[in-house]
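Protein chains in written order, with my numbering: chain X, 1 to 440; chain B, 1001 to 1249.
Comments concern the structure below.
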Amino acid sequence: MALRAQPVKTPAEEAIAASFSAFAARQARWGGAEVAKAREEGIARFRANGLPNRRIEEWHYTDLRSMLREAAAPFEAFTDDLARKAAADAAPIALDGAAHLLFVNGRYFADKTTAGLEVVDLTAAISLPPVAAQALAREAAYAGNGAVALNQAFTNGGAMVCIPAGAPHVIHLDFREIGDEAFSTFPHVILDVAEGANVLIVESHRGSDGIAYQTNALIELKIAAQAQVAYVRLNEAGAKSVSLATLGLDIADHAAFNLFSLNTGAALSRHQVFLHSAGEQSSIDLAGVTLARGRQHADTTLVVEHKAPRCKSREFYRYVIDDSATGVFQGKIVVAPDAQKTDGAMKSQTILLSDEAAMNNKPELEIFADDVLCGHGATCGSLDEDQLFYAYSRGLPPAQAQALLLEAFAGEALERVADEGLREQLREKVSAWLAQRVVQ
Amino acid sequence: MLEIRNLHAEIDGKKILNGLTLSVPAGEVAAIMGPNGSGKSTLSYIIAGRSDYTVTAGEVFLNGEDILKLPPHERAARGLFLAFQYPVEIPGVTTHTFLRTAMNAQRKTRGEEELKTADFIKIMRAAADKLSISQEMLRRPLNVGFSGGEKKRLEVLQMTLLEPRFGILDETDSGLDIDALRVVSDGVNALRSKERGFLVITHYQRLLDYIKPDSVHVMSKGRIIKSGGPDLALELEKHGYRDIVASAA
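This is the structure we're talking about:
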C-alpha cells in the first residue's frame, strides 16, 4: 500500500470547505440538477486535493496553498445598485458598437446593449440550456484542474451567449469587482459561436485596488466550423487581488482563433488556457504581454492539444518583470497520433528589469505523431546594453531609452491584435505602465 | 572645440588608452588612423560615454566643458554625435519614430520646444532625399535588415537631423561600396562649417579622398604617435603603419 502524506489543511482550505454546504443551499434556486451536480463534483475534488500546490506539477510555480493565506467568502449580496455603481466607473476600453455584458462581482447584469445576441443569465434559469449543461458536465477535459474545480463548486454567476453568423459582432465581457471588504467571485461564461460567424470578444477585468478580493473565472468558448474569433483579454484587476481565470476552447474544422492577453493587474494572477480540441485545418494563435512589478506574481499556463490533422498553432508571449515580481510561462503542446501535419511553434521571451525579478519558463512538447513541425523557444535576459547605449548616444535619457525599448518589445506582440483601434488602446496601456516606472 | 588631454582608460583591467592627447579646433576635420587594436573605436566610445570603460586619468573638453562627468544623453544634447561603426538594430521601433524621439529628447534636455510633427516630417524628408533614403526605409524598424550601406547612410541622416557641434565618424567607410561612400561623404561634407568639428576614424586613406581632413593623426597602443597634414595619410597608405609604429616605440 502506498503511503500518501496528507498535509494538514491550511486555514484557507478549512474555510473554503466549511462554507460550501450553506453556500450551495442558498444558491440552489437556479441552474437545477446540473449545477447542483457540478458543485458536488467540484467540492469533492477540492476536498480530495486541497488548494493547488507545488506537489502538483502544473502548479509548481504558482503554489496557491502557500500564497492564498485567507479565503474570502463568495459574493452573494447582489443588488441593482451594485451594478449601477460599477457601471458608473470608467470603461476599461472603448469599443464602438459593442454588445456590453457587465459582470459585477461575478454575476451578469443584463444591459440594453446586447441587441442581436442571445444572452442567458444562468442565475435566472431554473434549468440550464443544453450547451451550458454540456459545459458543466465536462470537468474531465480540465484534467482535475484545481481552479476549475473551485469555480464549479462555487459558481456565483454567469451567462451563456450565442453568437450567430452574419454581420461581424463585437462583444465586451466587462468584469468589475467592487466592494469595501474582501470577497470571492466564481463566474462561468459560455460562449457559443455559430458556424461561419465572425466576432471580436474583449474580456476585461477591473476592480477596487483597496481590497484583497479573489476572482476565479471560467470562460468556455465553443467555436463552430469556419468561424473567425478574435479574443482580447485585459487583466487590470485590483492591486491586492487574486485573479484566477481559465479559458476552455473547442474549435471546429477550418475555424480560426486569435487570443491576445495583456496582463498588468492583480497581486497574484494565473490565466490558464486549455485547447481541448481543434478541428482539421483550424488555426490557433495565442499571444500576450505580461507587465509585472512590485511583488506581483503573473502566471500564464497553456495546454494545447492537437487531435486532428493539419492544424496550426502559434504561441507568442512576452514578459517584462520589474522589482521583485515573478513571471511564469508554462506552455504544453500535445500532438496526438492522428494529428499529422500539425504545425506548432511556441515562443516566450522575457526582459528582467531588476536583480530580484524572476521568470519561470516551462515549455513542454508531447508529440505522438511522426509528420509534424513543432518547436519552442524561451529567452530571458535584461535590456540590451548596445541598444541602450545607442539610444543614449542619440540623446535619449535612460528612462526614455528604456521605455522605448520596452514599448518596442511589447509592441512586437501587440502587432498580433488585428483591430487597429484596440491595438492602439492596448499600446497606450503599455506606455502608461512604463511611464510609472522609476528608473534608477 | 574638442580637447582630449592625457586620456587613460581601461576595460576589465586591460589598459586601452595610454595618455592620449588630441585637439580638434572648430571648423576642422581631424582624421585618426592606426592599425587594428590601437584603441580607435574605444576612443570614440569613451568620448560618447559608454559605461563599460573606466577612465583612469585625463580629461575630454567639448567647447570648454569637461564632458566625462556627463551621462551620454547629456553629451549628445550638448552637441556630440557618434556615427557608429556597427549601427545597432532596434526591432519594433520604426526609424521614423526613433529619429523624432531623438530630436525631441535633445531639444527637451536643452530646454527647447519639441518639434511639431508636420515640421519634423518636412525636415526629415528633405534630409533623407539627399542621402537617397526612401520613405519606405524610414517606416522600417531601425537598422533591422538594412544593408551595410543603408545603415551608414542612416547614421549620416541622424547626424544631419541632430545638427551636432562635433561629429565622430567611427569607420563610417567600412562596408561601403564606392557609390555609397560618395553619398555618405557628400552628406558629411554638407555639414562641414566653421562652427563644427569632426573626428574621422578610418583604416584607409580612401575615405579621406572624399572627406578631406585638416590634420591626420596616427594612433598606436592607445596614444597618438604622430600627427601631420593630409599628406601623412598618403604616406601611410604607401608605407603602412609598421615604420611609424616602430620608430615611436
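Cβ coordinates follow ideal geometry from the N, Cα and C atoms, glycine included.
*Rank Gly42(X), Lys9(X), Thr10(X), Ala12(X) by C-alpha distance to the C-alpha of alanine 24(X) and give the top, closest one.*
As a first step, residue 24(X) must be located in the first sequence, where it is residue number 24. Nearest of Gly42(X), Lys9(X), Thr10(X), Ala12(X) to alanine 24(X), Cα basis: Gly42(X).
*Any idea if arginine 55(X) is buried or exposed, counting beta-carbon neighbours within 10 angstroms, 16 or more meaning buried?*
Indexing the first sequence from 1 puts residue 55(X) at position 55. The residue is exposed, with fewer than 16 neighbouring Cβ atoms inside 10 Å.
*Closer than 7 angstroms, CB to CB, is tyrosine 390(X) near chain B or not?*
For the purposes of this step, residue 390(X) is identified with residue 390 of the first sequence, where counting begins at 1. Yes, because at least one Cβ of chain B sits closer than 7 angstroms to the Cβ of tyrosine 390(X).
_Please confirm whether arginine 394(X) has its beta-carbon closer than 7 angstroms to some beta-carbon of chain D._
In the structure shown, chain D does not exist; the protein chains are X and B.
_For a test of the three-state rule: what should DSSP assign to isoleucine 1067(B), helix, strand or coil?_
Here the question's residue 1067(B) lines up with position 67 in the second sequence. DSSP places isoleucine 1067(B) in coil when its eight states are reduced to three.
*By how many angstroms is the C-alpha of glutamine 152(X) removed from the C-alpha of glycine 158(X)?*
Counted from its first residue, the first sequence places residue 158(X) at position 158. Counted from its first residue, the first sequence places residue 152(X) at position 152. If I take the Cα positions, the gap works out to 11 angstroms.
_Quick check: is the beta carbon of threonine 228(X) nearer than 7 angstroms to any beta carbon in chain B?_
If you number the first sequence from 1, residue 228(X) lands on position 228. The question names threonine, yet the displayed sequence has glutamine at residue 228(X). Answer no: the Cβ-Cβ gap between glutamine 228(X) and chain B never drops below 7 angstroms.
*Cβ pair count under 8 angstroms reaching 3, the region 69-78 of chain X against the region 272-285 of chain X*: no
*Taking only beta carbons into account, state which residues of the region 1070-1088 of chain B come closer than 9 angstroms to chain X, listed in chain order.*
Pro1071, Pro1072, His1073, Glu1074, Arg1075, Ala1076, Ala1077, Leu1080, Phe1081, Leu1082, Phe1084, Tyr1086, Pro1087, Val1088
*At which residues does the alpha helix (DSSP H) containing arginine 1206(B) begin and terminate?*
Taking the first residue of the second sequence as 1, we reach residue 1206(B) at position 206. 1206-1210 is the span of the alpha helix (DSSP H), which, as asked, contains arginine 1206(B).
*Which residues, taken in chain order from the region 371-390 of chain X, show a beta carbon closer than 7 angstroms to some beta carbon of chain B?*
Correct list: Asp386, Gln387, Phe389, Tyr390.
*If you draw a straight line from the C-alpha of isoleucine 1178(B) to the C-alpha of alanine 357(X), how long is it?*
For this step, residue 1178(B) is matched to residue 178 along the second sequence. For this step, residue 357(X) is matched to residue 357 along the first sequence. Looking at the two C-alpha atoms, the distance is approximately 49 angstroms.
*Comparing the C-beta of glutamate 1010(B) with each C-beta of chain X, is any distance below 7 angstroms?*
Start at 1 with the first residue of the second sequence, and residue 1010(B) comes out as number 10. It does not: the Cβ of glutamate 1010(B) has no partner Cβ on chain X nearer than 7 angstroms.
*Please classify phenylalanine 183(X): is it buried, with 16 or more other beta-carbons within 10 angstroms of its beta-carbon, or exposed?*
Translated into positions along the first sequence, residue 183(X) becomes position 183. The residue in question, phenylalanine 183(X), is buried, as its Cβ has 16 or more Cβ neighbours within 10 Å.
*What is the C-beta distance between glutamate 177(X) and serine 208(X), in whole angstroms, given that I count them as a contact (C-beta under 8 angstroms)?*
As a position in the first sequence, residue 177(X) is number 177, starting the count at 1. As a position in the first sequence, residue 208(X) is number 208, starting the count at 1. Right, their Cβ atoms sit about 6 angstroms apart.
*Can you say whether serine 1185(B) is buried or exposed, counting buried as having 16 or more other CB atoms within 10 angstroms of its CB?*
Position 185 of the second sequence holds residue 1185(B). Only buried fits serine 1185(B), as 16 or more other CB atoms lie within 10 angstroms of its CB.
_For a cutoff of 7 angstroms on Cβ pairs, would you count glycine 1058(B) as touching chain X?_
Along the second sequence, one-based indexing puts residue 1058(B) at 58. Not closer than 7 angstroms to any Cβ of chain X, the Cβ of glycine 1058(B) fails to qualify, so no.
_Looking only at its chain, what residues have a beta carbon closer than 8 angstroms to the beta carbon of arginine 1005(B), apart from the 5 residues adjacent to it on each side?_
Position 5 of the second sequence, counted from the first residue, corresponds to residue 1005(B). Only Thr1021, Gly1058, Glu1059, Val1060, Phe1061 meet the Cβ criterion.
*Can you check DSSP and say which residues form a bridge with isoleucine 1224(B)?*
Position 224 of the second sequence, counted from the first residue, corresponds to residue 1224(B). Answer is Met1219(B).
*Note down the Cα distance separating serine 393(X) from arginine 1050(B), rounded to an integer number of angstroms.*
In the first sequence, the residue the question calls residue 393(X) occupies position 393. In the second sequence, the residue the question calls residue 1050(B) occupies position 50. Just so you know, the alpha carbons of serine 393(X) and arginine 1050(B) end up roughly 9 angstroms apart.
*Output the distance between the C-alpha atoms of alanine 345(X) and arginine 310(X), rounded to the nearest integer angstrom.*
For this step, residue 345(X) is matched to residue 345 along the first sequence. For this step, residue 310(X) is matched to residue 310 along the first sequence. Alanine 345(X) and arginine 310(X): Cα-Cα distance of roughly 14 angstroms.
*Alpha carbon to alpha carbon, how far is leucine 102(X) from asparagine 1143(B)? Give it in angstroms, no decimals.*
Within the second sequence, residue 1143(B) is the residue found at index 143, counting from 1. Within the first sequence, residue 102(X) is the residue found at index 102, counting from 1. When rounded, the distance between both Cα atoms is 46 angstroms.
_Rounding to the nearest angstrom, what Cα-Cα distance links alanine 1190(B) and phenylalanine 260(X) in this structure?_
As a position in the second sequence, residue 1190(B) is number 190, starting the count at 1. As a position in the first sequence, residue 260(X) is number 260, starting the count at 1. Within the model, the alpha-carbon separation for alanine 1190(B) versus phenylalanine 260(X) is close to 48 angstroms.
*asked:* Here's a check: name, in chain order, each residue in its chain whose Cβ is nearer than 8 angstroms to the Cβ of lysine 9(X), leaving out the five neighbours to either side.
replied: As a position in the first sequence, residue 9(X) is number 9, starting the count at 1. Excluding sequence neighbours, lysine 9(X) sits near Ala17, Gly50.
*Return helix, strand or coil for histidine 60(X), following the three-state DSSP convention.*
Your numbering for residue 60(X) matches position 60 in the first sequence. DSSP places histidine 60(X) in coil when its eight states are reduced to three.
_Taking 6 angstroms as the limit between beta carbons, can you name the residues of its chain near glycine 331(X), skipping five residues before and five after?_
Position 331 of the first sequence holds residue 331(X). If we look at glycine 331(X) and ignore the five residues flanking it on each side, its Cβ neighbours are Leu302, Glu315, Met346, Pro363.
*Within 10 angstroms of its Cβ, does isoleucine 126(X) collect 16 or more other Cβ (buried), or is it exposed?*
Working through the first sequence from its first residue, we reach residue 126(X) at position 126. Classification for isoleucine 126(X): exposed.
*Enumerate, from N- to C-terminal direction, the unbroken alpha helix (DSSP H) stretches of 4 or more residues contained entirely within the region 227-255 of chain X.*
With a minimum length of 4 residues, no continuous alpha helix (DSSP H) run stays inside the region 227-255 of chain X.
*Check whether the region 1027-1035 of chain B touches the region 404-422 of chain X, counting contact only when three or more Cβ pairs, one atom from each stretch, lie closer than 8 angstroms.*
With a cut-off of 8 angstroms, the region 404-422 of chain X and the region 1027-1035 of chain B do not count as touching, because too few Cβ pairs lie within range.
*asked:* Going residue by residue through the region 354-428 of chain X, where are the continuous beta strand (DSSP E) segments of at least 3 residues, counting only ones entirely within it?
replied: Fully enclosed beta strand (DSSP E) runs of no fewer than 3 residues occupy 358-367, 373-381 of the region 354-428 of chain X, in order along the chain.
_What residue range does the beta strand (DSSP E) around glycine 1197(B) cover?_
Residue mapping note: residue 1197(B) aligns to position 197 of the second sequence, counting from 1. Here the beta strand (DSSP E) through glycine 1197(B) covers 1197-1201.
*In three-state terms, what does DSSP make of glutamate 315(X)?*
The count along the first sequence starts at 1 and reaches residue 315(X) at position 315. If DSSP states are grouped into helix, strand and coil, glutamate 315(X) belongs with the strands.
_Whole-angstrom distance between asparagine 216(X) and alanine 267(X), CA atom to CA atom_ = Counting from 1 along the first sequence, the entry for residue 267(X) is found at position 267. Counting from 1 along the first sequence, the entry for residue 216(X) is found at position 216. Counting only the Cα atoms, asparagine 216(X) lies some 14 angstroms from alanine 267(X).
*Using a beta-carbon distance below 7 angstroms, is glutamate 139(X) in contact with chain B?*
Counting from 1 along the first sequence, the entry for residue 139(X) is found at position 139. Judged by the 7 angstroms Cβ criterion, glutamate 139(X) is not in contact with chain B.
*asked:* Using only the alpha-carbon positions, how far apart do proline 397(X) and histidine 1073(B) sit?
replied: Residue numbering aside, residue 397(X) sits at position 397 when the first sequence is read from its first letter. Residue numbering aside, residue 1073(B) sits at position 73 when the second sequence is read from its first letter. In this structure, the CA atom of proline 397(X) is about 6 angstroms from the CA atom of histidine 1073(B).
*Compare the beta carbon distance of valine 199(X) and methionine 160(X) with 7 angstroms and say whether it is the shorter of the two.*
Working through the first sequence from its first residue, we reach residue 199(X) at position 199. Working through the first sequence from its first residue, we reach residue 160(X) at position 160. Cβ atoms of valine 199(X) and methionine 160(X): not closer than 7 angstroms.
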